[in-house]
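A quick write-up on the structure given underneath.
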Amino acid sequence: MQQETIKELISNEFELGKINHSKLRQFHKEVKDSPFSIKYVQSGKERYKLDHYNFEVSKGNYLIVNSEDEFTIDFESDEIADGICIYPSQELIHQAYQAKSQSLDQLLSGEKSSDSFHFTHMVNATSKTKTGKFLELHLPELINKLEKGESIDLNSFFLDLVDYMVIDQINLNQQLGNHSATKVATKEELYRRISAAKEFLTDNFKEKINLDEVAQLSCLSKFHFLRSFKEFYGQSPYQYLLSLKLEAAKNLRKSGFSFNEICLETGFSDPKNLRKALKKDGFCL
């Protein structure tokens, strides 16, 4: 049976941040005043209650916790949860945000930004964000070298990580700004629901999808769901589904599949509609 462990790979003595690596079947802890942190899971599942919401973090996902957040981590399973917790320094995050939000003249003059900055609470897919892709690419090697005691450029790791974290949130803030809701908390809650629906569409685009049912899964009326989706992503759910089907169809056609075979693989109703859609999209038949 695999042993349960918690290791501090980088301590607080390193000014840019620290990293903990845990392998646990069960864990419970209430945190009253959290530092900034990234909860990243390599295998198994960790469950968090944060800002009155429940978040389940599994392989291929991560969650960002803000400074001074209160949260509870509570899970129990026969399967080991292999988790990595990264704590970038608050000052480093603040500096990265200033670098992205101020002009060069403001930075050179030492002018401080008074804008507050926080990360939206949501489970992020590593394949969908710059932060996630960076973690997938660099974290396994980093952890391996740290546990072996080998040297590694930690300064570059934390600087690049924080840079991507801030870029992702600024991009998300722009998406949130597209929505007509006035309160930030309302926009963030809507985005959590709509982004989960978008992931469902992505995973199931080959199937026959009923948008009324997807709206119900989002706990929204169909009107509210359709409007919010278009405000956040600049296209309707139907347009998004069609783009996924067309992209898959193009790749299959380039690989030599027949139109009948492509219809079966992508969910197009018949070869005639498939040909028409591809031609309209500018694809050479």
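Quick note: the sequence shown uses this note's numbering, first residue 26, plus one each step. Beta carbons: idealized from backbone N, C-alpha and C, even for Gly.
- In this structure, L226 keeps its C-beta atom at 8 Å or more from the C-beta atom of Y258.
- With fewer than 16 neighbouring CB atoms inside 10 Å of its own CB, K84 falls in the exposed class.
- N86 and S246 have their C-alpha atoms spaced approximately 28 Å apart.
- In its chain, beyond the 5 residues on either side, A121, Y122 and K125 have a beta carbon closer than 6 Å to the beta carbon of V191.
- Taking E33 as the centre and dropping the five residues before and after it, the same chain places the C-beta of N45 closer than 6 Å to its C-beta, in chain order.
- In this structure, DSSP gives F100 an extended state, which the three-state scheme calls strand.
- Within the same chain, F144 come within 6 Å of Q194 by CB-CB distance, once the 5 residues on both sides are set aside.
- Note on geometry: alpha-carbon atoms of I219 and I234 lie some 16 Å from one another.
- Just so you know, the alpha carbons of D295 and V56 end up roughly 55 Å apart.
- In the same chain as F182, and ignoring 5 residues on each side of it, the C-beta atoms closer than 7 Å to its own belong to H163 and L167, in chain order.
- If you look at E116, you'll find it in the alpha helix (DSSP H) that goes Q115 to S126.
- Your pair E71 and I98 checks out as a contact, with CB atoms roughly 6 Å apart and the cut at 8 Å.
- A contact is defined here as three or more CB-CB pairs under 8 Å, and the segment 88 to 108 meets this definition with respect to the segment 145 to 155.
- Distances from the alpha-carbon of C110 to those of H53, E116 and Q67 put Q67 closest.
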